[in-house]
Every structure is written in structure tokens, then in C-alpha cells.
Amino acid sequence: LKKEYVVFSVFAVIIIISTAAFLAYIVLPNEKQTLKILCAASLLFPLGRIEEVYEKMRPEVNVEIEGHGSIQVIRQVTELSEKADLLMVADYSLIPLMMYNSTELEEGQTYADWYIRFASNEIVLAYTNSSKYASEVNATNWVSILQRSDVVFGFPNPMIDALGYRALMTMQLAENYYRNNTIFDNLVTRNFKSPISSILNEDNYTIVVPEVVEPKGNNVILRASSIQLIPLLESGAIDYCFLYLSNAKQYGFRFVEFQDEINLGNPQFEGFYNHVTVRFEHQRFATIGLDREGNTIYYGLTIPTNAEHMDLAVDFLEFLLSEEGRGILESVWHPIFLPSYTDNKKAVPSSLHDSVEQEP
Amino acid sequence: LKQGISQNKWAILGLIVGVLLIVSAGAYYVLDYAAEEPIEWEVTLVGINGEQRVLSYEEIRGLPSQEAHGGFLTSAGVKYGPYNVKGVLLQDLCNLVGGIANSAGVAVSAPDGYSMVFSHDQIYSTDFVTFDPITLHEMPHETQMVLLTYEWNGKAISHNGGGPLRLVIVSSEALLTEGHNWVSWVNKIEVISLE
């Protein structure tokens, strides 16, 4: 009889514990809340640092960061029904373009009605000590060095990554700045099977990107994004690579800094940048037009109206825009504007008002 | 009396175990049945001269198939797979509406508005960049295939996985390729001129 009691008790305890654990898993809320951030790939490095500090400060919060191309960041929410609490993109203008007129949510509600333009960047030519002609390359001879037959350089696919079409703009702007109308042809057009051409119309250039972008020969390497190009530069598979200044510094590369007229980083030269447009012959996303205008690089962020953890997102932004948050981003070479700028201050959460200023 | 109590307890225990078994079997049956529900999906093939043909999911499954391996790497460096995949060669589908001329390409699109174009060379010569699934470093590859797949790891492709039909770049090796070419939810394949 004793043996039977023991066996019965063991079975009963196992069933009771399993049932209790199962019910607890279903019924009780998880201790940690997850703040989901979708961001441009060029922000992964600095946001990783912010995440480390923020999670120590808020141990009850798990920050989940997912990187994509900037258009894809927004599409995840507006077209692919993914829920996210905070979106951060490398081109702020995509937020009004893709989120202000969406009609998928409840009637009268859009996916967002404000953005904060919080940071800038500029295009540089990154290289390493092992790159060919590393000892002589500078801001005045980089074009001729990239044209040498034994040099390999890379940039992201302009159809996939904003850095890719911005690199094309930089090469056309160099042609304008140096008054040498062979630069774009020598660096770009002749290096692709279906040529990427630049067409002059009065003072403006339209760079036409064909449906399929395939490099020809061995001088140009194209990859989906800078994330795939960085290891090639580190390993010596390529000599030079167009990158954002912040990423070049974060990964410890040497780099050529271009003149302000070329680097897309100085708003005083906006009029200069506006002379270049990139036009795609294939519409990769139905909701985005075919043209990308040359503009100063500005990063933008917003909290989607259907965010599940709006309060957490606001709390995270309070930290990001605080003195400590700004200090962390500055330490990883991606400084935040003080103040940052918004197009609709009334709609921005009030606790962020001290850090943002209404755009004129 | 003691023996009676003991017998009752065994009966209760047996009842609990029995209920658990019945619930588990029911859940398994429901899930298994759901997985086998017929998939309603169509792909429109459009030839370069406008010839059209609409194939159902089941008709696609009935075409000569290939099995291969591969996964993908997103532009932010996140890897998915590799998977064992099964599907139909893209050029075989295009051959049903007149084939792909040397100067033509193929636009593969989905109802979410996403679309990618592949050149004749990319489809037939298949020299897509490949990455080691462990180190994520680039590495050389053997002959690749562009497949419209309907099965990954022996199962239908889920909606979240880009199914029921997803375009993939794969080979006999379990390598990764760039994710933007893995078009999800494919519902249209159109041969277009690239001239």
C-alpha cells in the first residue's frame, strides 16, 4: 500500500506542477516587456550601444532591434502587418511619403502623422592600410585612383540600399564639382552590363538605373548593403567602398572625406545636391515612386499609431534624446541634433517637446 | 476503507491522464487536418508577347520539380535557413509562355507590391553571391538554380515564410544568397524586354 501511495503522489505532483506551470505561462504576463525597434542598417551599431545602457536602466524592458533597408523598415508596418514600437530610417522623407496617407488602419487614422529629424551623415570613401594606393589617396585624386585598372571598389545596390543611390549621386556631384564630364561614365556607366547612365537636362542630371543592375568586369563590386561590403573591405577583397561617415568611423576604416558640395551632408549645399535625381526603371515597391531626389542626408524616426508599447517607445526616445543618450551616440560617431526637428510638434508626445523644435 | 480510497485515487488519476490523452489527440488531429487543407493560390504567367497562363498551386506542384538547398541573408545581416527546398525552375515556367530571349528578363511580383527583375544571364548562368551559413563570409558556389518553391523541409511554406510560393536562389550546397531576391507570395511572373 505504501508503494502505491508513493507512485500516486509522484504522478499527482507531476501533473499538478505541469498544469500550474502551463496555466502560469498562459495567464500571467511575462515579466519583461519587449520594445520592438525597426531601423536602417546603418543605425544598428549605435543603437546597439544605446540598447546596452537602456536595458541596464530598465531591466524590465527587453529592447529588440531589427535592421532593414529604410523602405523595408516602413513597409514592415504599413504593408506586411508587422507590429513595431519605433521606426528609425536613414531618409526621414520616407515617413510622410509612406505613412501619412495610409488607409489600412481604422477610418481616418494613418500609420503616423509626425516625424523627428534627429541626425545627419555624409558619404565618404572608406579604405584600409592594405588598399592599393592607400598611401597616396586623398580628396583631390580619389577619382583617378578608382579608375586604375588594378583597383576594386564597391557600393551598395542602389535598388536595395539608400546608400547605393546616394553613392551614385556623389559620383555625379563629383563630376559637377570637378567640371570633368567623364567621371560618372568612367566610374559607373562602363562598369555595368546594362549601363547606369546619367542624362543632362539643362542644369540637372538624371541617373537612370536599369531593371537589372549587374557589374561588368572586375573593378566594381555591388552588394545588397553596406553590411555585406564591410567584410569585403576588411578582408582586402575590395580596396575602396562608399560608406556613411559614421559607419567608416565605427568600423575603424581610414576614409577620404569629400568636399561639402559632394558629400550630401551639409544643408548649406542643398541647392547643389538638388541638381541630381536617381530614376529607377523598375518599381521594386508599388507604393514608392521611381525617383529619388538629391538631398541632404537626414535620419528620421516616428512611433507608429498602432504601436503596442507606445509608452515604452516614448520612454526610450526620452533617453535617446537626453544628454546621456546624445553622449552615447556621439561616442560612436553618430551625433544627434540638439534640438532635433519635427514637422508636427503638436502630435509629438509632450515629454519630448523640450528636445524638438518645429520645422519652419 | 483504505483500499477503497486508494482505488478512487487511482480512478481520478486515470481520468486525468485519459482526458489529457484525448485533448492531445484532438489537438494533433485538428492541427494535422489544418495543415492538409487545400491551398488556394494562383500564379499568372505572362509571355513577352502578352500570352497569359494561370496556374493553380496544385498545378505548379504537378510540374517537373527540382530539390536543392539554400537560405538567405538579409541586407541587415540576418540569416534564415538553409532549408531543403522543392520547386519548379523559373525558366521552365517561362517556357510555358514562350520562354526567355537572351535580351529579355523576368519580373517576379507579389500582391504586397514587391517585385524583382532577373536577367536571362542571371537565370541561366546563375552566378549569385553566396555566403557561408556559419561565418556569413562570402564563398564560392557550384551551379545554382532559380526555383519557384512550394515546399521547405518537407512541408508547405507558411505565410510568414513567404508561402505558399516563394522564389529562391539555391544549389546542391546549403549556402546563403542575398535575401532581396527571395520574393515572397509570388503571384505573377512576367517575361519583359530589357532592351
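Listed in order, the protein sequences are those of chains A and B.
For the first sequence, the numbering used here gives the first residue as 363, with consecutive numbering after it.
For the second sequence, the numbering used here gives the first residue as 28, with consecutive numbering after it.
We put the beta carbon where it would ideally sit given N, CA and C, even for glycine.
Determine, using beta carbons only, whether residue i and residue j come nearer to each other than 8 Å.
i              : j              : result
T176 (chain B) : V156 (chain B) : no
A806 (chain A) : S432 (chain A) : As shown, chain A starts at 363 and ends at 722. That puts residue 806 (chain A) outside it, with no answer to give.
S587 (chain A) : P629 (chain A) : no
F615 (chain A) : A474 (chain A) : no
S556 (chain A) : V570 (chain A) : no
E573 (chain A) : G126 (chain B) : no
E69 (chain B)  : L82 (chain B)  : yes
W695 (chain A) : Q612 (chain A) : yes
V638 (chain A) : L535 (chain A) : yes
R411 (chain A) : I624 (chain A) : no
I789 (chain A) : Y661 (chain A) : It is not possible to answer for residue 789 (chain A), since the shown part of chain A is limited to 363 through 722.
F631 (chain A) : L397 (chain A) : no
I698 (chain A) : A481 (chain A) : yes
L459 (chain A) : L663 (chain A) : no
L40 (chain B)  : F370 (chain A) : yes
R641 (chain A) : L626 (chain A) : no
G516 (chain A) : V582 (chain A) : yes
S211 (chain B) : G189 (chain B) : yes
V575 (chain A) : M521 (chain A) : yes
K445 (chain A) : E670 (chain A) : yes
V423 (chain A) : L682 (chain A) : no
How big is the Cα-Cα spacing for residue i and residue j?
i              : j              : result
D601 (chain A) : N548 (chain A) : 17 Å
S511 (chain A) : L591 (chain A) : 20 Å
I87 (chain B)  : V115 (chain B) : 7 Å
R80 (chain B)  : N122 (chain B) : 11 Å
L562 (chain A) : V618 (chain A) : 27 Å
E655 (chain A) : R479 (chain A) : 17 Å
I659 (chain A) : K215 (chain B) : 35 Å
E366 (chain A) : V372 (chain A) : 10 Å
Q118 (chain B) : A128 (chain B) : 11 Å
D453 (chain A) : W209 (chain B) : 25 Å
V218 (chain B) : V73 (chain B)  : 6 Å
L120 (chain B) : L174 (chain B) : 10 Å
V144 (chain B) : Q645 (chain A) : 10 Å
I66 (chain B)  : Q93 (chain B)  : 20 Å
G45 (chain B)  : A52 (chain B)  : 11 Å
L100 (chain B) : L203 (chain B) : 6 Å
I378 (chain A) : Q395 (chain A) : 28 Å
Y462 (chain A) : E222 (chain B) : 37 Å
W504 (chain A) : G579 (chain A) : 20 Å
N491 (chain A) : P593 (chain A) : 15 Å
T472 (chain A) : I49 (chain B)  : 47 Å
G97 (chain B)  : K113 (chain B) : 11 Å
L400 (chain A) : W37 (chain B)  : 55 Å
V718 (chain A) : V451 (chain A) : 17 Å
V375 (chain A) : G181 (chain B) : 39 Å
L147 (chain B) : A134 (chain B) : In the sequence as displayed, the identity of residue 147 (chain B) is His instead of Leu. Looking at the two C-alpha atoms, the distance is approximately 11 Å.
E413 (chain A) : F407 (chain A) : 10 Å
F634 (chain A) : V550 (chain A) : 21 Å
E596 (chain A) : C603 (chain A) : 10 Å
L192 (chain B) : P577 (chain A) : 29 Å
Residues of chain E with a CB under 8 Å from the CB of residue i: which are they?
i              : result
E576 (chain A) : In the structure shown, chain E cannot be found, because the protein chains are A and B.
When we look at the beta-carbon of residue i and count the other beta-carbons within 10 Å, is it buried (16 or more) or exposed?
i              : result
Y567 (chain A) : buried
S380 (chain A) : exposed
Y151 (chain B) : exposed
E537 (chain A) : buried
E205 (chain B) : buried
S142 (chain B) : buried
Q149 (chain B) : buried
V368 (chain A) : exposed
V499 (chain A) : buried
A95 (chain B)  : buried
P421 (chain A) : exposed
P160 (chain B) : buried
T502 (chain A) : exposed
Q. Curious, which full-length beta strand (DSSP E) runs of at least 3 residues does the segment 133–202 of chain B contain?
A. 142–146, 171–179, 193–198
Q: Mind the definition here: the segment 425–440 of chain A touches the segment 701–708 of chain A only if three or more C-beta pairs lie below 8 Å; say whether that holds.
A: no
Q.
To test your reading of the DSSP string, which unbroken beta strand (DSSP E) runs of 3 or more residues are found completely within the segment 449–536 of chain A?
A. 478–482, 485–489, 515–518
Q: Check whether the segment 166–175 of chain B touches the segment 192–209 of chain B, counting contact only when three or more Cβ pairs, one atom from each stretch, lie closer than 8 Å.
A: yes
**Q.** Contact between the segment 135–148 of chain B and the segment 98–114 of chain B (3+ Cβ pairs under 8 Å)
**A.** no
Q: Output the residue ranges of the alpha helix (DSSP H) runs that lie fully inside the segment 368–448 of chain A and measure 4 residues or longer, sorted by chain position.
A: 406–419, 432–440
Q | Complete runs of the beta strand (DSSP E) confined to the segment 526–603 of chain A [at least 3 residues] | A | DSSP runs (the beta strand (DSSP E)) wholly in the segment 526–603 of chain A: 559–563, 566–571, 582–585.
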